[in-house]
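Residue numbers (the working numbering): 5 to 240.
Virtual Cβ for every residue (Gly too), placed ideally from N, Cα, C.
Notes follow once the structure below has been shown.
Laid out in structure tokens, this is it:
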């Protein structure tokens, strides 16, 4: 929701563009996970821990909920619900009753939003553990995995209890951690861990006995994955 005042642009609505972007990335994420499971099935491979972890990450994005009386998905459903209560519009043109509902939806949205990226990162780390056998590399995997897990727990705790009382998040009656600073802090750590998780296997990958063209292609895939972090709905 846009907070600035101004009668000239007060009726500007960016909710549709936000909806389009989120829909595209959610569709891509869903197709990627489906393709992953189909590929393992076709090759008669047993599903590993990293497969289930990425499915959990997608479930956080796509689990059914009853937000705003619609059978939607958790993050996507909450996003659609927020759209119905003023997301993308200037605050002065949104009814006060809608703002209160919007803030309640935003409270739950930020909790699931915080949980999804760490789950994706842990899925990748589990995949690295299965592919790369170097003890030195595995130590890095476990270290980053511990950092991501602790970060996820702390940020989830702060998201749930960022106001005293909790209802102050949407009523304004109480004390809260400044939401903007909280979001920026989360985004910074999210981007740093994205860089670490997505780029860490590239040096080891170039040591594999593969054609150079295949190594380049795999490197580009990891770089594209890194770009998805800040752009997609699972990213920061």
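Assigned with DSSP and collapsed to three states, residue 168 falls in strand.
Taking a cut-off of 8 Å for Cβ pairs, the region 195-207 and the region 135-149 touch, as three or more such pairs fall below it. Taking a cut-off of 8 Å on C-beta distances, the region 212-228 does not touch the region 140-154, as fewer than three cross pairs fall below it. CA-to-CA, the gap between residue 155 and residue 149 works out to about 10 Å.
Within the same chain, 173, 180, 181, 183, 186 come within 8 Å of residue 166 by CB-CB distance, once the 5 residues on both sides are set aside. Membership of residue 203 in the alpha helix (DSSP H) is indicated by the continuous run 183-203.
Taking the C-beta atoms as reference points, residue 188 is found no nearer than 8 Å to residue 115. Rounded to the nearest angstrom, the gap between the Cα atoms of residue 178 and residue 126 is 35 Å. In this structure residue 223 does not touch residue 152 by the C-beta definition: roughly 22 Å separates them, more than the 8 Å allowed. Note on geometry: alpha-carbon atoms of residue 39 and residue 108 lie some 35 Å from one another.
Around the CB of residue 117, 16 or more other CB atoms lie within 10 Å, so the residue is classed as buried. With a cutoff of 8 Å on beta-carbon distance, residue 131 and residue 201 are scored as not near each other. The criterion of a C-beta distance shorter than 8 Å is satisfied by residue 44 and residue 51. Judged by beta-carbon spacing, residue 194 lies within the 8 Å limit of residue 121, meaning their Cβ atoms are closer than that value. The alpha-carbon of residue 162 is positioned some 30 Å away from that of residue 37. The Cβ atoms of residue 147 and residue 119 do not sit closer than 8 Å to each other. For residue 145, the CB contacts under 6 Å within the same chain, skipping 5 residues up- and downstream, are 129, 132, 133 in chain order.
An exposed status is given to residue 41, since fewer than 16 other beta-carbon atoms sit within 10 Å of its beta-carbon. Taking a 10 Å sphere around the C-beta of residue 110, we find 16 or more other C-beta atoms and assign the residue as buried.
Spanning the alpha carbons of residue 32 and residue 170 requires a straight line of approximately 35 Å. As the crow flies, the alpha-carbon of residue 176 is around 16 Å from that of residue 112.
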